[in-house]
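Note that our numbering has the sequence shown beginning at 2, numbered continuously upward.
Glycine is no exception: its CB is placed at the ideal position from the N, C-alpha and C atoms.
Okay, so here's the structure we're looking at.
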Amino acid sequence: MKKQVRSNIVPLLVIALLILGGQETDLLAQDIRTERVSFQKGTNGATIEGTIRGDETVDYLLNVRSGQYMNVSMATNNGANYFNIMEPGEEYVAVFNGSVSENQFEGTTAKSGDYRIRVYLMRSAARRGEQANYRLEMNVSGSGNSGNAGTSGDATVAGTNFNATGNIPCSMGKGEPTRNCPFGVVRRGNGDADVQVTLSNGIVRFIYFQNGQAVGYDRSQADPGEFRASKESDMYIIHIGSERYEIPEAVIYGG
């Protein structure tokens, strides 16, 4: 009886090893195109529009420092089109799997180096030769864990990467009361800064300043509409759609 059991197990093990070996060979032989992502000067993000068909795969390399806030999202016309994220040094072990968590990643990076954002089609769709047209948005904010935040020389608030934290007046929309919203700022010097504001509904806004001017915000979050900025005395008045923010000049320059 024992001999019969062993004689059945051995062929099954051989078959299993052949199957696993075939899958590994298929994965390693897969054609993965690699593209380096770089942000235009003065911006904290990039948007890429692309197309893949069948078993085509694209790795977008994004250099990030540990402790930075990374937001990656993808819109696609094919429900089998996803992206994974691999930490520096990894080629196949993902810290984020779009097919499990949907195509929206937000989080703080644990390592410094090139993160791989891998865009692909699920195996069944790839075998059918399906095509996917996608729009991939990548945003990175914060200075990371490389000493003082930014290049302003300011000290950081203990336990954070921010040069200052506190509350600013904000309103969620027309008819909504003005309330205090928590903020953190990373100053880069010469009027350049990233201001992170957390709204009462949990949405996080990043408002970007260059040369003392408010120039934009992180559009990878739910996009509420047009960005407008003005200044009254020492107060920046920021409108993002119907949202309104009041940011004192001292937040940007310190003091």
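Q.
Here's a check: name, in chain order, each residue in its chain whose Cβ is nearer than 6 Å to the Cβ of Asn212, leaving out the five neighbours to either side.
A. Within the sequence shown, numbered from 1, the residue matching residue 212 stands at position 211. Excluding residues within five positions, the ones whose Cβ falls inside 6 Å are Gly192.
Q. Relative to the alpha-carbon of Asn72, which residue among Arg54, Gln105 and Asn164 has its alpha-carbon at the smallest distance?
A. Stepping through the sequence shown from its first residue, residue 72 is reached at position 71. Selected option, being the one with the closest Cα: Gln105.
**Q.** Cα-Cα separation between Val59 and Arg206, rounded to whole angstroms
**A.** Residue numbering aside, residue 59 sits at position 58 when the sequence shown is read from its first letter. Residue numbering aside, residue 206 sits at position 205 when the sequence shown is read from its first letter. Whole-angstrom Cα-Cα distance: 29 Å.
Q. Run through DSSP, which three-state label would Tyr254 get?
A. Numbered from its first residue, the sequence shown carries residue 254 at position 253. In this structure, Tyr254 counts as helix in the three-state DSSP scheme.
Q | Short Cβ contact (7 Å threshold) for Ala215 with Tyr237 | A | In the sequence shown, the residue the question calls residue 215 occupies position 214. In the sequence shown, the residue the question calls residue 237 occupies position 236. Their beta carbons are under 7 Å apart, which means Ala215 touches Tyr237 by this criterion.
Q | Start-end ranges of the beta strand (DSSP E) lying completely within the segment 52-97, minimum 3 residues | A | 58-65, 70-77 and 82-87
Q. I think Leu122 touches Tyr61, with their Cβ atoms under 8 Å apart; what is that distance to the nearest whole Å?
A. Against the sequence shown, residue 122 aligns to sequence position 121. Against the sequence shown, residue 61 aligns to sequence position 60. Contact doesn't hold; Cβ gap of about 16 Å is too wide.
Q) Do the segment 70-87 and the segment 109-124 make contact, defined as three or more Cβ pairs closer than 8 Å? A) yes
Q) Can you round the beta-carbon distance between Gly190 and Thr166 to whole angstroms, since I take them to be within the 8 Å contact cut? A) Against the sequence shown, residue 190 aligns to sequence position 189. Against the sequence shown, residue 166 aligns to sequence position 165. So it is not a contact: roughly 19 Å between Cβ atoms.
Q: Would you kindly work out how many angstroms separate the C-alpha atoms of Tyr254 and Arg54, rounded to a whole number?
A: Position 253 of the sequence shown, counted from the start, is the residue given in the question as residue 254. Position 53 of the sequence shown, counted from the start, is the residue given in the question as residue 54. Rounded to the nearest angstrom, the two C-alpha atoms are 49 Å apart.
Q: Could you check if Ala156 is buried or exposed, using at least 16 other CB atoms within 10 Å of its CB as the buried criterion?
A: Position 155 of the sequence shown, counted from the start, is the residue given in the question as residue 156. With fewer than 16 Cβ atoms within 10 Å of its Cβ, Ala156 is classed as exposed.
Q: State the beta-bridge partners of Ile118 as determined by DSSP.
A: Here residue 118 corresponds to residue number 117 of the sequence shown, with the count starting at 1. Bridge partners of Ile118: Tyr61 and Ile86.
**Q.** Element boundaries [beta strand (DSSP E), containing Glu230]
**A.** By one-based count along the sequence shown, residue 230 stands at place 229. The amino acid occupying residue 230 in the given sequence is Ala; Glu does not appear at that position. First-last of the beta strand (DSSP E) with Ala230: Phe228 to Glu233.
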